[in-house]
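K.L.:
In the working numbering, the protein residues as written are 80 to 245.
Beta carbons: idealized from backbone N, C-alpha and C, even for Gly.
If you want it as structure tokens, here you go:
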């Protein structure tokens, strides 16, 4: 008699904190500004969110984590149209504004190509934000359901109107 054991399939959740910190060796510009002190990139971006927005550390990290997930999803899957809500978009903009970190993210997750950000003025109201949350879950991210549900059907007005934009 032959016995076969089915091994449980384990799904590894992709950790946005690890993914962001992993790009640190790729930072080539303004390293004195970005890499001074003992802060990780995660701590730096969270501190910048706290500096510029009214939120507590826990919320800054939730926003940042989901922004990293969204950004990497856009970079790794450029053929999939994705959109983000207003709250998570605060974190996306933080990443874009810290250009040495943004370049490192592009180098690591966008095959070294610059990822443009060229939003429309009007927000979309077609449910793209919720579909994006589902897509991010399908590629191994443990999204913050509450943050994605806040904006629900109203999401950022980004489109694929320029080469490799989000």
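Could you check the C-alpha separation between residue 222 and residue 206 for me, to the nearest Å?
P.N.:
For this step, residue 222 is matched to residue 143 along the chain shown. For this step, residue 206 is matched to residue 127 along the chain shown. Taking the straight line from one Cα to the other gives about 16 Å.
K.L.:
Using a 10 Å radius around the Cβ and a threshold of 16 neighbouring Cβ atoms, would you call residue 118 buried or exposed?
P.N.:
Translated into positions along the chain shown, residue 118 becomes position 39. Classification for residue 118: exposed.
K.L.:
Out of 220, 170, 165, which has the shortest C-alpha to C-alpha gap to residue 201?
P.N.:
Working through the chain shown from its first residue, we reach residue 201 at position 122. Among 220, 170, 165, the Cα nearest to that of residue 201 is on 165.
K.L.:
Any idea which residues DSSP pairs residue 220 with across the strands?
P.N.:
Start at 1 with the first residue of the chain shown, and residue 220 comes out as number 141. Paired residue(s): 93.
K.L.:
Quick one: give me the first and last residue of the alpha helix (DSSP H) that residue 140 is part of.
P.N.:
Your numbering for residue 140 matches position 61 in the chain shown. It spans 136-155 - the alpha helix (DSSP H) in which residue 140 sits, taken as one unbroken run.
K.L.:
In the structure shown, what three-state DSSP assignment does residue 240 receive?
P.N.:
The residue given as residue 240 occupies position 161 in the chain shown. Confidence at residue 240 is low in this model, with a pLDDT of 49, below 50, so the placement of that residue is unreliable and no value is reported for it.
K.L.:
So what does DSSP say about residue 132, is it helix, strand or coil?
P.N.:
The residue given as residue 132 occupies position 53 in the chain shown. If DSSP states are grouped into helix, strand and coil, residue 132 belongs with coil.
K.L.:
Applying the criterion that 16 or more other CB atoms from any shown protein chain within 10 Å of the CB defines a buried residue, is residue 112 buried or exposed?
P.N.:
If you number the chain shown from 1, residue 112 lands on position 33. So residue 112 counts as exposed.
K.L.:
Compare the Cα-Cα distances from residue 191 to each of 132, 140, 154 and report the closest residue.
P.N.:
Residue mapping note: residue 191 aligns to position 112 of the chain shown, counting from 1. Closest option to residue 191, Cα to Cα, is 154.
K.L.:
Whole angstroms is fine: what's the gap from residue 102's alpha carbon to residue 143's?
P.N.:
For the purposes of this step, residue 102 is taken as residue 23 along the chain shown, with counting starting at 1. For the purposes of this step, residue 143 is taken as residue 64 along the chain shown, with counting starting at 1. Their backbone Cα atoms lie some 15 Å apart in a straight line.
K.L.:
Could you give the C-beta distance for residue 99 and residue 173, rounded to a whole number, given that I count them as a contact under 8 Å?
P.N.:
Position 20 of the chain shown holds residue 99. Position 94 of the chain shown holds residue 173. 11 Å between Cβ atoms; not a contact.
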